[in-house]
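Take the sequence shown: its letters are residues 1324 to 1653, numbered as in the working numbering. For glycine and all other residues, C-beta sits at the position ideal for the given N, C-alpha and C. As the structure is a prediction and not an experimental result, all values here were calculated from the model.
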Amino acid sequence: MPKIGDIQLPDFPLLLAPMEDVSDPPFRALCKENGADVVYTEFISSEGLIRDAAKSTMKLDIYEAERPVGIQIFGANLDSMLQSVEIVERTKPDIIDINFGCPVKKVVSRGAGAGILKDIDLMVSLTAAMVKHTDLPITVKTRLGWDDDSIKIVEVAERLQDVGIKAISIHGRTRAQMYKGNADWKPIADVKNNPRMHIPVFGNGDVNTPERAMEMRDEYGLDGAMIGRASIGYPWFFREVKHFFETGTHMAKPTMQERVEVARRHLEMSIAWKGETLGVFETRRHYTNYFKGIPNFKEYRMKMVTSDDSQGVFDTFNEVLDKFGGHNFN
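Now the structure itself:
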């Protein structure tokens, strides 16, 4: 069974991917309850941490129930990254993860995230310095390469392992692809099959059904799956994958009562953590998936995503229960 440093994980663990404005404490808590084995924070700017920017420092909030939890940071300046490691250590996470995969222009243009894939030597030297700077296990999340002509992920993963990272998660797309096309897991399997690799290799990208997770495990031989978009507004995805692994069958979809209850708790926790305005606004992105597949639901979803105060959303939840509460939608 895989380990990240001294952290023992179950066979083929499921990891919640770090996602901006998604992987916050309320959502991580829900995913953990539903079977996520490791959760990661939203990615945090090293420069923002050093400046003590409110949005960056708020993302350092972690809670005991989440463990093992990793804090993910990004940047391309060595001094800033080392200082941010010291700041992160004070919050006592289990893991520090380096983001070498974010494809967003504002991150890449600073040479951070996937931008560093243009300079592998810098990527390796930065990682080596961070490993030496902390006793916490360092992991890396990255992509196959900058574009199709620069895929050297087998070599890159080996070099990162050799400077001391404890696990690597690889998204099966290049930066040039962004999120288009299909994720290619074969190069990730090539990393895993490299006889010199001995750290866990986790796959990421297009793990959107239990069957796909099983394919990643059984056909590609990876050590675990990092789940991103499939979990947004659907924290039950982790338990559905585990149920499928155990039984070979699909478990029943959550009832309407369960959907409403979890959406309600999500909103309540978000408001408690970040206040009424942000809590209402940043939970909106989840409602489409919380109530996906429900016929004639558009008017209720529109109310949820346009209400400016929480009471309007809670009232809509009650309307939904009154109208759909007696139905199951499998």
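For a quick check, are the C-beta atoms of residue i and residue j less than 7 Å apart?
i	j	result
residue 1389	residue 1351	yes
residue 1548	residue 1539	yes
residue 1339	residue 1354	yes
residue 1426	residue 1498	yes
residue 1527	residue 1573	no
residue 1436	residue 1422	yes
residue 1514	residue 1477	yes
residue 1369	residue 1346	no
residue 1325	residue 1546	yes
residue 1453	residue 1443	no
residue 1636	residue 1623	no
residue 1457	residue 1486	no
residue 1578	residue 1593	no
Could you give the first and the last residue of the continuous beta strand (DSSP E) run that contains residue i?
i	result
residue 1406	From DSSP, residue 1406 is part of no beta strand (DSSP E) but of the alpha helix (DSSP H) over 1401 to 1412.
residue 1634	That residue, residue 1634, is in no beta strand (DSSP E); its alpha helix (DSSP H) goes 1633 to 1647.
residue 1422	1418 to 1423
residue 1492	1490 to 1494
residue 1395	1392 to 1397
residue 1531	Residue 1531 -> no beta strand (DSSP E), and no H or E assigned at all.
Exposed or buried, residue i, counting other C-beta atoms within 10 Å across all chains shown (16 or more means buried)?
i	result
residue 1519	exposed
residue 1365	buried
residue 1501	exposed
residue 1595	exposed
residue 1512	buried
residue 1597	buried
residue 1629	exposed
residue 1589	buried
residue 1521	exposed
residue 1492	buried
residue 1490	buried
residue 1542	exposed
residue 1377	exposed
Using alpha carbons as the reference points, say which of the options lies closest to residue i.
i	options	result
residue 1382	1416, 1406, 1567, 1403	1416
residue 1647	1569, 1618, 1330	1618
residue 1394	1569, 1361, 1375, 1373	1361
residue 1396	1378, 1375, 1420	1420
residue 1552	1611, 1438, 1488, 1324	1611
residue 1565	1326, 1550, 1556, 1342	1550
residue 1483	1533, 1371, 1458, 1464	1464
residue 1299	1592, 1496, 1512	Nothing about residue 1299 can be reported from this structure: the residues present for the chain run from 1324 to 1653 only.
residue 1387	1468, 1356, 1327	1356
residue 1615	1363, 1636, 1558	1558
residue 1676	1632, 1542, 1641, 1373	Residue 1676 lies beyond the stretch modelled for the chain, which goes from 1324 to 1653, so this question has no answer here.
residue 1544	1555, 1532, 1525	1525
residue 1576	1533, 1371, 1330	1533
residue 1418	1327, 1358, 1372	1327
residue 1475	1399, 1628, 1510	1510
residue 1473	1438, 1486, 1568, 1450	1438
residue 1468	1480, 1457, 1458, 1459	1480
residue 1342	1424, 1589, 1486, 1637	1424
residue 1601	1578, 1374, 1631	1631
residue 1398	1446, 1392, 1376	1446
residue 1431	1471, 1508, 1466, 1488	1466
residue 1401	1385, 1455, 1604, 1375	1455
residue 1408	1373, 1523, 1377	1373
residue 1440	1459, 1470, 1429	1470
residue 1348	1603, 1358, 1634, 1363	1363
Tell me the residue span of the alpha helix (DSSP H) that contains residue i.
i	result
residue 1483	1476 to 1485
residue 1379	1377 to 1381
residue 1512	1509 to 1516
residue 1611	1610 to 1613
residue 1629	1621 to 1629
Against chain B, does residue i count as a neighbour if the rule is that its beta carbon must be under 7 Å from one of theirs?
i	result
residue 1598	No chain B appears in the structure shown, which is made up of a single protein chain.
Flag residue i as yes when its Cβ comes closer than 6 Å to any non-hydrogen atom of the ligand GTP, and as no otherwise.
i	result
residue 1386	Because no ligand of any kind appears in the structure shown, any question about the ligand GTP cannot be addressed here.
Item to complete: Pick out the complete alpha helix (DSSP H) segments inside the segment 1538 to 1602, 4 residues or longer, and give them in chain order.
Response: Within the segment 1538 to 1602, the alpha helix (DSSP H) runs of at least 4 residues that lie entirely inside it are, in chain order, 1560 to 1570, 1579 to 1597.
Worksheet item: What runs of the alpha helix (DSSP H), each 4 residues or longer, lie entirely inside the segment 1330 to 1375?
Response: Within the segment 1330 to 1375, the complete alpha helix (DSSP H) runs of at least 4 residues are 1348 to 1356, 1369 to 1373.
Worksheet item: Can you list, in chain order, the stretches of the alpha helix (DSSP H) that have 4 or more residues and sit fully within the segment 1426 to 1471?
Response: Listed in chain order, the complete alpha helix (DSSP H) runs (minimum 4 residues) inside the segment 1426 to 1471 are 1428 to 1431, 1443 to 1455.
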